[in-house]
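Enquirer:
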Amino acid sequence: MNTQLIIDYLSALSMNNNREWYHANKNDYKKANAEFEELLQTLILEIGKFDSSILNNNPKDLTFKIVRDTRFSHDKSPYNPAFRAHISSKGKLPVPVGYYLMIKPGNQSFLGGGLFADMFKDATRMIRDYIVRNGQEWEKIIHEPEFEKYFTVQGSALKNVPAGYDKEHPQAEYLKFKSWYLEYPLRDEELSNGETFSAKAAEIYKIMKPFNDYLNKALVDFQMPAR
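Take 8 as the starting number for the sequence shown in the numbering used here and just add one per residue.
(1) Assess, as a yes-or-no matter, whether the stretch 25-34 is touched by the stretch 207-214 under the definition of 3 or more beta carbon pairs within less than 8 Å.
(2) Taking all protein chains shown into account, decide if Gly121 is buried (16 or more other Cβ within 10 angstroms of its Cβ) or exposed.
(3) Using the C-alpha atoms, what's the distance from Gly171 back to Pro232?
(4) Could you spell out the range, first to last residue, of the alpha helix (DSSP H) harbouring Leu52?
(5) How big is the Cα-Cα spacing for Ala19 and Pro112?
(6) Drop a sphere of 10 angstroms on the beta-carbon of Asn228, count the other beta-carbons inside from all chains shown, and report buried for 16 or more, exposed for fewer.
(7) Measure from the alpha carbon of Lys174 to the alpha carbon of each residue in Glu42, Val139 and Leu193, then state which is nearest.
(8) Taking all protein chains shown into account, decide if Phe3 is buried (16 or more other Cβ within 10 angstroms of its Cβ) or exposed.
(9) Could you give the distance in angstroms between the alpha-carbon of Pro177 and the alpha-carbon of Phe184?
(10) Go through its chain and collect everything with a Cβ distance to Gly119's Cβ below 8 Å, but skip five positions before and after it.
(11) Once the 5 residues before and after Ser163 are set aside, which same chain residues still bring their CB inside 8 Å of it?
(12) Thinking just about the alpha-carbon of each residue, which of Tyr181, Tyr137 and Phe158 is nearest to the one in Pro169?
(13) Nearest to Thr10 by CA position, among Gln230, Val160, Glu196 and Asn219, is which residue?
(14) Who pairs with Gln143 in a beta bridge, going by DSSP?
(15) So does the stretch 219-228 actually touch the stretch 127-134, counting three or more Cβ pairs closer than 8 Å?
This is the structure:
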């Protein structure tokens with residue numbers, strides 16, 4: 008797989024973020040996207056060695072569009088110069104949580120895990136309630152030395168512990184969160200060799216798996232809102 012082709016295309020799109028250039032170079036997009044899907048297939052097989060729940064995925068079903076919704080944004084650039092995907096047991100849905108990848112030139116790429124979406128109030132409540140009941144397990148996961156070497160739990164959060172939760176709870180700081188996620192930043196040069204990158208990414212994803220598993224146990228009864 009030619010991951011450098013992905014970086015080169017996205018870099019060019021970033022410098023020519025307009026519909027005319029995009030359509031004039033549609034074949035380059037198709038080539039870069041094909042390389043991205045090949046990378047995802049490799050990652051599925053690598054992740055599947057320690058998490059078989061994701062092996063049924065088709066790479067085409069895991070990706071997000073590069074076209075931006077600019078209706079409510081000051082930035083009217085029509086495209087997001089990034090290739091993104093979420094690999095979980097149910098594809099790219101935000102729940103259950105899984106393994107996120109964003110490739111964006113300019114050292115903006117990252118590997119991710121956990122719940123990024125904070126608009127699902129039921130999901131937030133379920134995770135808070137689970138942390139309340141299983142605080143020691145939470146602490147063990149996030150303070151595992153290998154975990155701490157690579158990750159700090161991130162997420163949007165309230166200023167105070169929400170009503171209905173004990174302000175003195177040992178995990179009170181995490182009860183303020185509305186989302187709980189991990190990010191491992193990537194430099195552009197780390198993506199230049201697809202095989203090397205895939206192996207490294209799988210190692211990082213394996214370290215975040217206990218965190219994902221914890222959240223998914225909390226979210227086992229979550230239902231995506233009807234559209």
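Note that beta-carbon positions come from the ideal geometry of N, C-alpha and C, so glycine has one too.
Expert: This is what the structure holds:
(1) no
(2) Here residue 121 refers to the residue found at position 114 when the sequence shown is read from its first residue. Answer is buried; the Cβ neighbour count reaches 16.
(3) Taking the first residue of the sequence shown as position 1, residue 232 is located at position 225. Taking the first residue of the sequence shown as position 1, residue 171 is located at position 164. The straight-line gap from Cα to Cα measures roughly 24 Å.
(4) Reading the sequence shown from its first residue, position 45 is the one you call residue 52. Here the alpha helix (DSSP H) through Leu52 covers Lys33 to Ile54.
(5) The count along the sequence shown starts at 1 and reaches residue 19 at position 12. The count along the sequence shown starts at 1 and reaches residue 112 at position 105. So the two alpha carbons sit approximately 10 Å from each other.
(6) Locating residue 228 in the sequence shown gives position 221, where the first residue counts as 1. Checking the sequence shown, residue 228 turns out to be Asp, not Asn. With fewer than 16 Cβ atoms within 10 Å of its Cβ, Asp228 is classed as exposed.
(7) Position 167 of the sequence shown, counting from 1, holds the residue named residue 174. It is Val139.
(8) As shown, the chain starts at 8 and ends at 234. That puts residue 3 outside it, with no answer to give.
(9) Taking the first residue of the sequence shown as position 1, residue 177 is located at position 170. Taking the first residue of the sequence shown as position 1, residue 184 is located at position 177. Each residue's Cα considered, the two are about 14 Å apart.
(10) Looking up residue 119 in the sequence shown gives position 112. Same-chain partners within the cutoff: Tyr106, Tyr107, Leu108, Met109, Tyr188, Leu189, Glu190 and Tyr191.
(11) Position 156 of the sequence shown holds residue 163. Within the same chain, Ser163 has close Cβ partners Asp125, Phe184, Lys185 and Ser186.
(12) Indexing the sequence shown from 1 puts residue 169 at position 162. Residue Tyr181 is the option with its Cα nearest to Pro169.
(13) Sequence index remark: in the sequence shown, residue 10 carries index 3 (1-based). Measuring from the Cα of Thr10, the nearest candidate turns out to be Glu196.
(14) Position 136 of the sequence shown, counted from the first residue, corresponds to residue 143. Paired residue(s): none; Gln143 is not in a bridge.
(15) yes
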